[in-house]
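Residue numbers (the working numbering): 1289 to 1716.
Structure, as structure tokens:
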Amino acid sequence: MRKSTIIGALVIVALWLITATTLYSYNYGSPSDKSHWNQRWENAEASAHFFNTLKRYDTLPFNQHYFAISRPCVDLVKPCVVTDNPPIPGSAVLPSPRINNEAIYISFPPGSMVAAYGVIKAASLILGISISWEMLQWVNMLFWIISIILIYFTISTVTRTSEYSAVISFLSVIPMLFAVEPMHSHQLSMWAHQAFQVFAAAAFLMVAMGINRKTVIALGVISALACWIEWTAYLMCIALFVVVFIHDLKLKLGYKNTIIYTLMAISGGLTLLWYYSFMMGLGPYFDELSNRASIRGMKITYIGWGEWWLSVYQAYGPWLISAFLLALASLCINKSSSFSKDKYITIYILIAIISFMLIENVAMFEHAATYTFDRIKIGFLITILIAMSAMRIEKLGKIAFLFIAIICIITSMYSINQYIDFYPRYWR
């Protein structure tokens, strides 16, 4: 690995640490109701629900929770235990006979809570302190920097034949630091999506390294675990299956890699089905999950496409515009010869995988507009588009990267100002 690549990674960590420390000072702040069309933009109830589930894991015996997610609850002191409320269709809350018919939440798998609890519990044992709300926030921010560094090395792997590899990688990940959405969703709000970013970024790195037996096994493990984190993982699995299958088809050496990946990825979904079969039975589970999906999808009428696009703009607007304009401009220039055909194909494959994953934001129309963290993954698309553009115009030399750097600086400043406007009582 080049020295410049390591230096770039260290600079990113330093920028993240400054940003995270600054945001941490405002972890109890709330966005201004006047600054955002969606007054639920804060999404703090999601992180409170997350933390209540961690308290459940920490204070109750295993056979009284089995790592199930607690029903929606914002109590930060003690876990909510409810056994007498009848289930409401569409609430994603069902009684579990395994734990005395206590109400549990099934809208998302419990993997992200288990992962966060493992990190927090280990830290609490090492430091000799009780788990706390602040520890949850720092775990959230830890997921943030891990996903950024993984994407940085993904781009570095694709561009390593260029002397400007570190510059391309560094500039490409800036939106994952300074867009409104990552700053907000790693400050006050936390749910499964922040944890899923780590798994998605790890999968992209494996794709960048090339499809072979080792990376296929790694992709299988990542995919199986991701199926326990967030539903977008299933779209990711489909996309990765296609990538591995086409690779096997192209080489005409049989389909061992495809079979290995398929069996490993499917194991994640099958074990999750076994888990919910154990907790409540698959009949009630699928019925309620279907009810939940119907009120989160495109059938709802109180949010329209105008609000959906506005939510996307307020999450990544200036970055999306900049990335697409850069991509269009780069397509008008003969691509650089510093990268092989395979490297360009790899970057196009990554764009295709991420674009396919973004179908979830349309399918879960209401959820994507209401809960901002559902839009974090758009940052992956922006980052890879910038990387692709930089690769294509690399032959223009330093002037090309100066141009991209200026765009990143201006867009970052605009995004930070946009973010501050959402928190006027705490920043001004």
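The C-beta atom is built at its ideal place from N, Cα and C for all residues, glycine as well.
Residue i, buried or exposed, once every other Cβ within 10 Å from all chains shown has been counted against 16
i, result
"W1325", "Here W1325 scores only 45 on pLDDT, less than 50, and its place in the model is too uncertain to base an answer on."
"M1289", "exposed"
"W1562", "exposed"
"Y1365", "As written in the sequence, residue 1365 is Val, which differs from the Tyr given in the question. So V1365 counts as exposed."
"R1501", "exposed"
"M1719", "Here the chain covers residues 1289 to 1716 and nothing more, so residue 1719 does not appear."
"G1542", "exposed"
"A1688", "buried"
"Q1327", "Below a pLDDT of 50, predicted positions are generally treated as unreliable, and Q1327, at 49, falls in that range; the measurement from the model is reported next regardless. Exposed, since its Cβ has fewer than 16 Cβ neighbours within 10 Å."
"E1654", "buried"
"V1461", "buried"
"P1349", "exposed"
"K1538", "exposed"
"S1465", "The residue you asked about is not Ser; residue 1465 is Leu in the sequence shown. With 16 or more Cβ atoms within 10 Å of its Cβ, L1465 is classed as buried."
"S1565", "exposed"
"G1556", "buried"
Cβ pair residue i, residue j closer than 8 angstroms
i, j, result
"E1469", "R1663", "yes"
"M1423", "T1520", "no"
"A1657", "M1478", "no"
"V1301", "I1433", "yes"
"V1509", "I1635", "no"
"A1506", "G1296", "no"
"L1673", "I1639", "yes"
"Y1549", "N1331", "no"
"R1359", "I1392", "yes"
When the options are compared against residue i, the one with the closest alpha-carbon
i, options, result
"M1679", "L1560, A1480 and F1458", "F1458"
"Q1482", "A1403, T1309, T1550 and E1595", "A1403"
"T1341", "T1671, P1397, T1660 and M1568", "P1397"
"T1309", "Y1601, V1532, W1426 and E1654", "W1426"
"T1671", "A1489, I1548 and F1529", "A1489"
"S1379", "A1356, E1576, I1306 and F1492", "E1576"
"Q1485", "V1299, G1399 and K1540", "G1399"
"Y1312", "Y1549, N1428 and S1565", "N1428"
"S1578", "K1540, S1292 and I1394", "I1394"
"T1546", "F1533, M1552, K1538 and L1465", "F1533"
"L1513", "M1552, S1599, C1368 and A1332", "M1552"
"P1367", "F1339, M1567 and N1389", "F1339"
"M1471", "W1304, F1668, I1647 and A1651", "W1304"
"F1661", "S1599, C1361, L1690 and P1606", "S1599"
CB contact below 8 angstroms: residue i versus chain B
i, result
"F1487", "Although the question refers to chain B, the structure presented lacks it and comprises just one protein chain."
Below 8 angstroms, can you find three or more Cβ-Cβ pairs linking the region 1677-1696 to the region 1622-1637? yes
Taking contact to mean at least 3 C-beta pairs separated by less than 8 angstroms, is the region 1593-1613 in contact with the region 1691-1710? yes
Any contact of the region 1492-1499 with the region 1345-1353, i.e. 3+ C-beta pairs under 8 angstroms? no
Extract the residue ranges of the alpha helix (DSSP H) inside the region 1416-1466, only unbroken runs of 4 or more that lie entirely within it. 1421-1446 and 1453-1466
Assess, as a yes-or-no matter, whether the region 1405-1416 is touched by the region 1380-1391 under the definition of 3 or more beta carbon pairs within less than 8 angstroms. no
Which whole runs of the alpha helix (DSSP H) in the region 1325-1406 are 4 residues long or more, in chain order? 1332-1347
Runs of 4 residues minimum, wholly inside the region 1531-1583: which ones carry the alpha helix (DSSP H) assignment? 1544-1567
Which runs of the alpha helix (DSSP H) fall wholly inside the region 1684-1716 and span at least 4 residues, in chain order? 1686-1710 and 1712-1715
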